[in-house]
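Enquirer: So the mapping is simple: the numbering used here equals the position in the sequence shown, first residue as 1, plus 2. First the structure, which I've put down as structure tokens, then a few questions once you've had a look.
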Amino acid sequence: MTGTRMSVTARAVTAGAVMLAWTALLWLLEGIDVATGHALDTYGVSPREPAELADVVPSAFLHSGWEHVASNTVPLLVLGFIAALGGIRRFAAVVLVVIVTAGLGVWLTAPPDTVTLGASGVVFGLFGYLLVRGFVDRRPLDIVVGVIIAAVYGSLLWGVLPTDSGISWQGHLFGLIGGVAAAFAFRRPRRPRRPRRPRGPDYVTV
3 MTGTRMSVTA RAVTAGAVML AWTALLWLLE GIDVATGHAL DTYGVSPREP
53 AELADVVPSA FLHSGWEHVA SNTVPLLVLG FIAALGGIRR FAAVVLVVIV
103 TAGLGVWLTA PPDTVTLGAS GVVFGLFGYL LVRGFVDRRP LDIVVGVIIA
153 AVYGSLLWGV LPTDSGISWQ GHLFGLIGGV AAAFAFRRPR RPRRPRRPRG
203 PDYVTV
């Protein structure tokens, strides 16, 4: 097996392990929440209360029930795995930007007397990130990946519209914005072009 193939395999294994551990944590936290009478739901974000800013990060790991966490599990696994293949450090930075952007957006714009929690903001953020990453980095393979993701998960974009009062379109919208912003913030540096060797004189016979 060549070094390149080993590197790709190692990245895939690491990305898979990270996402499986992440989604397992979400289910574990929901189990603890149910067992404690939904005590963890208090770590959701309530808008425009300064003390609630501390809940911006925790709220992305909590859900309002088994159905809620189940609905986020598959897209989070798929999109997270694809994004993490590009490197765990970059992936972690992207996720942090998405979580903070989505959480602050909810804190600023959500209706009063609401509590927002869930990983769907991260899902939308990863969707936006993968959608534009290839164009930002000018990498043809990533552009193809983005087109495929748009075809498979393009219906997610309806989630940024205020169509259901029980669903935080604000978290979806700002998560998407955070993902696109992260693609630009963490774009890969372009390789400098190799200088051309100076050409000698052209000889013409007469």
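Glycine residues also receive a C-beta, built at the ideal position from the N, C-alpha and C atoms.
#1: If residue 164 sits next to residue 109, beta carbons under 8 Å apart, how far is it from one beta carbon to the other, in whole angstroms?
#2: Would residue 123 pass as a contact of residue 62 if the rule is Cβ separation under 8 Å?
#3: Could you pull out every residue in the same chain whose Cβ sits closer than 7 Å to the Cβ of residue 14, ignoring the five residues on either side in sequence?
#4: Is residue 118 helix, strand or coil by DSSP?
#5: Nearest-angstrom Cα distance between residue 60 and residue 45?
#6: Between 35, 115, 93, 81, which lies nearest to residue 154 when the distance is taken from Cα to Cα?
#7: Could you please give the first and the last residue of the uninterrupted alpha helix (DSSP H) stretch that includes residue 160?
#8: Among the residues of its own chain, which have a CB less than 8 Å from the CB of residue 102, if the five just before and after it don't count?
#9: For residue 99, name the three-state secondary structure that DSSP assigns.
#10: If you reduce the DSSP assignment to three classes, tell me which class residue 3 lands in.
#11: What does residue 47 pair with, by DSSP beta-bridge criteria?
#12: Under 8 Å, do residue 104 and residue 188 count as touching if we go by C-beta distance?
Expert: By the coordinates alone:
#1: Actually they are not in contact, since the Cβ atoms of residue 164 and residue 109 sit about 17 Å apart, beyond 8 Å.
#2: Yes, the Cβ-Cβ distance between residue 123 and residue 62 is below 8 Å.
#3: The residues 87, in chain order, have a CB closer than 7 Å to that of residue 14 in the same chain once the five nearest residues on each side in sequence are set aside.
#4: Annotated three-state conformation of residue 118 is strand, per DSSP.
#5: Straight through space, the alpha carbons of residue 45 and residue 60 are spaced by roughly 6 Å.
#6: Taking only the C-alpha atoms, the option nearest residue 154 is 81.
#7: Unbroken run through residue 160: none, as it is neither H nor E.
#8: Correct list, in chain order: 58, 59, 180.
#9: When DSSP states are grouped into helix, strand and coil, residue 99 belongs to the helix group.
#10: Reliability fails at residue 3, whose pLDDT of 48 lies under 50, so the model's placement of it is uncertain and the value that follows must be treated cautiously. Correct three-state label for residue 3: coil.
#11: Note: residue 47 sits in a beta bridge opposite 118.
#12: Not in contact: residue 104 and residue 188 (Cβ atoms no closer than 8 Å).
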